[in-house]
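In the working numbering, the protein residues as written are 3 to 66.
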């Protein structure tokens with residue numbers, strides 16, 4: 003799921019993309035150690051994806 007939000011003022015404009023990752027319960031490990039590793043891997047992949055999205059954006063600063 004995703005959501006996009008825009009906030010604007012006289013001095014700034016912000017575009018926020020919020021993404022929720024949903025995992026089917028039957029894909030989530032039950033053992034504590036496996037669950038910890040699973041969560042760490044999921045967060046790592048989400049961070050990589052977010053950084054790639056950020057790197058693709060090329061915003062120029064201009065005065066209006």
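A virtual CB, placed ideally from N, CA and C, is assigned to each residue, including glycine. In this text, all values refer to a predicted model and were calculated from it rather than measured experimentally.
Between the Cα of residue 7 and those of 20, 13, 14, spot the shortest distance and give me the residue it belongs to.
20
Quick one, are the C-beta atoms of residue 48 and residue 17 less than 9 Å apart?
no
Under DSSP, the beta strand (DSSP E) around residue 23 begins and ends at which residues?
No beta strand (DSSP E) contains residue 23, which DSSP labels as neither H nor E.
Give me the DSSP bridge partner(s) of residue 17.
8
Do residue 25 and residue 37 have their C-beta atoms within less than 9 Å of each other?
no
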